[in-house]
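Chemist:
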Amino acid sequence: MKNLRNHMHRLSRQLRGSKELFYVSDRENWVLRWVGHYITHEVQAQFGLKAHLDKDLKWAMPGDVLHFGSLWNTVAAFKASASRQMLDGKHNVATLFHGERGELHSLFNEAFDIALANIDSIARIVTANRIMQARLAEWGVPLEKIACIPLGVDLTRFQPASNEARRNQRSILGVPENAFCIGSFQKDGEGWDEGFKPKLIKGPDIFLEVVERLARHYPVFVLLTGPARGYVKVGLEKMRVPYHHTLLEDFLEIPHYYQCLDLYLITAREEGGPQAILEAPACGVPVISTRVGLAPDILTNGVSGILVGVDDVEQITASAARLIEDAVLRTSLIEQGLKMIQDYDWANIASRYYYEVYAPLMGTEIYD
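First residue of the sequence shown? That's 28 in the working numbering, and the numbers climb one at a time after it.
#1: Quick check: what's the CA-CA separation for valine 120 versus valine 202?
#2: Look at the alpha carbon of tyrosine 385 and the alpha carbon of alanine 150, and state the distance between them as a whole number of angstroms.
#3: What residues match up with asparagine 399 in a beta bridge as DSSP calls it?
#4: Alpha helix (DSSP H) containing leucine 274: first to last residue?
#5: Which term fits isoleucine 376, buried or exposed, when burial requires 16 or more other beta carbons within 10 angstroms of its beta carbon?
#6: Helix or strand or just coil, what does DSSP make of asparagine 145?
#7: Have a look at phenylalanine 139 and glutamate 165 and give me their C-alpha separation to the nearest angstrom.
#8: Quickly, what does DSSP pair leucine 182 with across the bridge? List them, please.
#9: Given a cut-off of 9 Å, decide if leucine 275 and isoleucine 304 are closer than it, judged by their beta-carbon atoms.
#10: Out of curiosity, what's the CA-to-CA distance linking alanine 104 and isoleucine 209?
#11: In chain order, what residues of the same chain have a beta carbon less than 8 Å from the beta carbon of lysine 214, not counting five sequence neighbours either side?
#12: Would you mind giving the Cβ-Cβ distance between valine 180 and tyrosine 382, rounded to the nearest angstrom? I have them listed as a contact below 8 Å.
#13: Would proline 269 and valine 237 be called neighbours here (beta carbons separated by less than 9 Å)?
#14: In this structure, how does DSSP classify isoleucine 176 when only helix, strand and coil are distinguished?
#15: Going by DSSP in three states, histidine 283 sits in which element: helix, strand or coil?
#16: Does the segment 82-89 come close enough to the segment 127-137 that 3 or more CB-CB pairs lie under 8 Å?
#17: Within this structure, are the beta carbons of aspartate 83 and valine 62 separated by less than 9 Å?
#18: Measure the alpha-carbon distance for phenylalanine 212 versus leucine 251 and round it to whole angstroms.
#19: Examine the ligand NAD and report whether any of its heavy atoms sits within less than 8 Å of the Cβ of valine 314.
#20: Compute the Euclidean distance between the alpha carbons of tyrosine 291 and isoleucine 333, then round it to the nearest angstrom.
#21: Helix, strand or coil: which one does DSSP assign to alanine 386?
#22: Between which two residues does the alpha helix (DSSP H) harbouring isoleucine 361 extend?
#23: May I have the straight-line CA-CA distance separating proline 282 from proline 187, to the nearest angstrom?
#24: Going by beta-carbon coordinates alone, are valine 319 and glutamate 341 separated by less than 9 Å?
#25: Can you pull the DSSP bridge partners for phenylalanine 248?
This is the structure we're talking about:
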């Protein structure tokens, strides 16, 4: 019955000549999947553009906008002969949030080379930060094909908790009342199992070194979510730093974990966002981040967050210690972070996708 409805829908579209958006994303990566969810939901709600979030192009038609949610989705489409007839070059969009060229990045090099070889079949490459925007241009992507649009956050779900709700949630997770709770929700181990081998671009080694130094002087508690956190957990156990780790089944549970925190710490060497750079301030949590991904684009250093150098353990530790000791600074960062984050609600970000990416590719058809 469902297939019959789909075929009838295709026939109706052929008669009307209507164009739709197909956003292709793997189900396995919930961060990228939710990015696609919010974009497709908002452009349909705000502009009436029929939008689909799917893992393939089974129901797409020539002239539809095909948005591949990652470099890997893009490369898979070019490798699949069944998809090539759809890739006319006029309506195809590829997202590339982060990546680096060089001898240590062979998988990325290979995938990006395939995308670049097919650049005439890609109308837009979307990235979320200016660092990556500059890299894409340096690597040979024409400037007119690059769109830099930040990630967004759902401000109806990511909000500060009341003092009572915060105390209750901390108690449930075993966070001591007097502890300074530091959060890290980023997958930072190789693979999708225990993750005992560190994914060094995420900086788990730096995170552990900073926590170890802080724990010598302050009652630190670490709250972890996400898969493949084995390397960090083993490190915390060796240091005898108390922690709690939950592998969440539902993305929508994450706000409750942010609401327990006193600080969110990003020590990555490479990032596309991360989402935490938006989600933490939305929940009223101060952020210290290395200058990666979105951080230098959206955080004003010392005002809405604290920016630190990549691999600079001394600076990261000193910044965190200052935050622990200075309640006035913490309050100011929280207040300014909440003001800053209002511009990044998914409704605003999806509007930019519509006006800067989808509408130009569909031309006047989208306004008929």
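For every residue, glycine included, the Cβ atom is placed at its ideal position computed from N, Cα and C. Given the structure is predicted, the values throughout are model-derived calculations rather than measurements.
Modeler: Reading from the atomic positions:
#1: Within the sequence shown, the letter at position 93 stands for residue 120. Within the sequence shown, the letter at position 175 stands for residue 202. Here the C-alpha atom of valine 120 lies approximately 44 Å from the C-alpha atom of valine 202.
#2: By one-based count along the sequence shown, residue 385 stands at place 358. By one-based count along the sequence shown, residue 150 stands at place 123. Cα to Cα, the separation comes out at about 10 Å.
#3: For residue 399 there is no data in the structure shown, the boundaries of the chain being 28 and 395.
#4: For the purposes of this step, residue 274 is taken as residue 247 along the sequence shown, with counting starting at 1. Where leucine 274 is concerned, there is no enclosing alpha helix (DSSP H), given that its DSSP letter is neither H nor E.
#5: Position 349 of the sequence shown, counted from the start, is the residue given in the question as residue 376. By the neighbour-count rule (16 or more Cβ atoms within 10 Å), isoleucine 376 is buried.
#6: Taking the first residue of the sequence shown as 1, we reach residue 145 at position 118. DSSP, read as helix, strand or coil, puts asparagine 145 in coil.
#7: For the purposes of this step, residue 139 is taken as the residue at position 112 of the sequence shown. For the purposes of this step, residue 165 is taken as the residue at position 138 of the sequence shown. Roughly 13 Å separates the two Cα atoms.
#8: By one-based count along the sequence shown, residue 182 stands at place 155. In DSSP, leucine 182 forms no bridge with anything.
#9: Residue mapping note: residue 304 aligns to position 277 of the sequence shown, counting from 1. Residue mapping note: residue 275 aligns to position 248 of the sequence shown, counting from 1. No, the Cβ-Cβ distance between isoleucine 304 and leucine 275 is not below 9 Å.
#10: Here residue 104 corresponds to residue number 77 of the sequence shown, with the count starting at 1. Here residue 209 corresponds to residue number 182 of the sequence shown, with the count starting at 1. Distance between the alpha carbons of alanine 104 and isoleucine 209: 40 Å.
#11: Looking up residue 214 in the sequence shown gives position 187. Hits under 8 Å: Gly222, Lys226, Lys229, Gly253, Pro254, Ala255, Arg256.
#12: By 1-based counting over the sequence shown, the position of residue 180 is 153. By 1-based counting over the sequence shown, the position of residue 382 is 355. About 20 Å; that fails the 8 Å criterion.
#13: Position 242 of the sequence shown holds residue 269. Position 210 of the sequence shown holds residue 237. In this structure, proline 269 keeps its C-beta atom at 9 Å or more from the C-beta atom of valine 237.
#14: What you label residue 176 is simply residue 149 of the sequence shown in a count that begins at 1. Correct three-state label for isoleucine 176: coil.
#15: Against the sequence shown, residue 283 aligns to sequence position 256. Helix at histidine 283.
#16: Taking 8 Å as the limit for Cβ pairs, the verdict is that the segment 82-89 does not touch the segment 127-137.
#17: Position 56 of the sequence shown, counted from the start, is the residue given in the question as residue 83. Position 35 of the sequence shown, counted from the start, is the residue given in the question as residue 62. No; because the gap between Cβ atoms is not below 9 Å, this pair is not in contact.
#18: Position 185 of the sequence shown, counting from 1, holds the residue named residue 212. Position 224 of the sequence shown, counting from 1, holds the residue named residue 251. About 5 Å.
#19: As presented, the structure is devoid of all ligands, the ligand NAD included, so that no description of it is given.
#20: Position 264 of the sequence shown, counting from 1, holds the residue named residue 291. Position 306 of the sequence shown, counting from 1, holds the residue named residue 333. If you take the alpha carbons of tyrosine 291 and isoleucine 333, they lie about 11 Å apart.
#21: For the purposes of this step, residue 386 is taken as the residue at position 359 of the sequence shown. Note: alanine 386 maps to helix in three-state DSSP.
#22: Within the sequence shown, residue 361 is the residue found at index 334, counting from 1. That run of the alpha helix (DSSP H) goes 354-368.
#23: Translated into positions along the sequence shown, residue 282 becomes position 255. Translated into positions along the sequence shown, residue 187 becomes position 160. The straight-line gap from Cα to Cα measures roughly 9 Å.
#24: Looking up residue 319 in the sequence shown gives position 292. Looking up residue 341 in the sequence shown gives position 314. Not in contact: valine 319 and glutamate 341 (Cβ atoms no closer than 9 Å).
#25: Numbered from 1 along the sequence shown, position 221 holds the residue referred to as residue 248. Cys208, per the DSSP bridge assignment.
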